[in-house]
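Student:
Numbering (our numbering), first residue to last: 36 to 218.
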């Protein structure tokens, strides 16, 4: 049991580190806002740890800290941390609900693919919306909320969905070859 927990913590740390580096090097799209690639890794970690809320919450907190460190948005540190806390909790509830659906259980191998797709789609929107609302309340936005949702959050959703589908399959294949059990 302890060995399994240690492996999981190391895997989570590696994935969070990869997400941080990807977020750090990705250029800003509009108004200093960058697609948050740490979300992709957070959602992968959540699926790997789907039965462990504490690990998901810790990954969300660390993801928020990493996003705050890498933000290119002026005074975006607090909005990044707030959005990750909200996102990890909302997405954990959505993930648990999706795994409980009888329809998804019939999909067998494709179930995780559908769930990572939906989690990334909804989660990136939730994260972007919470970030923008928090930033608007704290320091203001360089443009209207709706225009930033269209100009930044929607392209981020597309980018994150594609990245999550590719990266989750790579992670899943690597874990399968190393005989690591997901979930």
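Don't be surprised by glycine CBs; every beta carbon is placed ideally from N, CA and C.
#1: Alpha helix (DSSP H) containing residue 124: first to last residue?
#2: Below 8 angstroms on the Cβ atoms is my guess for residue 129 versus residue 99; work out the distance and round it to an integer in Å.
#3: Decide if residue 201 is buried, meaning its Cβ has at least 16 other Cβ atoms within 10 Å, or exposed.
#4: Residue 53 to residue 136, Cα distance in whole Å?
#5: Since residue 89 is in the alpha helix (DSSP H), which residue starts that stretch and which ends it?
#6: Go ahead and pull the three-state DSSP assignment for residue 212.
#7: Let me check understanding here. Comparing Cα to Cα, which of 56, 126 and 122 lies closest to residue 165?
#8: With three or more C-beta pairs closer than 8 angstroms as the rule, is the stretch 87-106 touching the stretch 211-218?
#9: If you count every other CB in all the chains shown that lies within 10 Å of the CB of residue 207, and 16 or more means buried, which is it?
#10: Would you decide whether residue 175 is buried or exposed? Buried here means 16 or more other CB atoms lie within 10 Å of its CB.
#11: Grab me the residues of residue 194's own chain with a C-beta within less than 6 angstroms of its C-beta, minus the 5 sequence neighbours each way, in chain order.
#12: Quick one: what's got a C-beta closer than 7 angstroms to residue 112's C-beta in the same chain, skipping five residues either side?
#13: Apply the 10 Å Cβ neighbour rule to residue 73 and answer buried if 16 or more other Cβ atoms are within range, or exposed otherwise.
#14: Does the Cβ of residue 155 have 16 or more other Cβ atoms within 10 Å, making it buried, or fewer, making it exposed?
#15: According to DSSP, simplified to helix, strand and coil, what is residue 152?
#16: Between the Cα of residue 222 and the Cα atoms of 170, 83, 169 and 198, which residue gives the shortest distance?
#17: From which residue to which residue does the alpha helix (DSSP H) around residue 182 run?
#18: So residue 75 is in the alpha helix (DSSP H); what residue range does that whole segment cover?
#19: Answer with buried or exposed for residue 138, where buried requires no fewer than 16 other C-beta atoms within 10 angstroms of its C-beta.
Tutor: Short version:
#1: 112-135
#2: That belief does not hold up - the Cβ atoms of residue 129 and residue 99 are roughly 18 angstroms apart, past 8 angstroms.
#3: exposed
#4: 31 angstroms
#5: 88-105
#6: helix
#7: 122
#8: no
#9: buried
#10: exposed
#11: 70
#12: 103 and 106
#13: buried
#14: buried
#15: helix
#16: Limits of the chain in this structure are 36 at one end and 218 at the other, which puts residue 222 out of reach.
#17: 180-183
#18: 73-83
#19: exposed
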